[in-house]
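Below is one structure, written out as structure tokens, with a few remarks after it.
Residue numbers (the numbering used here): 30 to 114.
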């Protein structure tokens, strides 16, 4: 058991050790375009988040509504089982 764990740790260590030099040879960022800065410093264009945000809000509202209806149904069942007294 201990030998197996040692071999797994050694194997993971070797994988990390061999992968590190691959990341060190990455080139730097590309040079800016020729007209960069001619109209002042402008920030990069923003990423559109509207579609994903709308989808997440819709899913969250549906999930919350479902949970609300389930709790309401469960409350009705509990009061019906308790009886009038």
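Glycine is no exception: its CB is placed at the ideal position from the N, C-alpha and C atoms.
Here the structure is a predicted model, which means the values were calculated and not measured.
Point to revise | Three-state class that DSSP yields for residue 89 in the structure shown | key: In the three-state scheme derived from DSSP, where H, G and I count as helix and E and B as strand, residue 89 is classed as helix.
Point to revise | Inter-residue spacing [alpha-carbon to alpha-carbon] between residue 95 and residue 79 | key: 24 Å
Point to revise | Local conformation of residue 64 per DSSP, three classes | key: DSSP places residue 64 in coil when its eight states are reduced to three.
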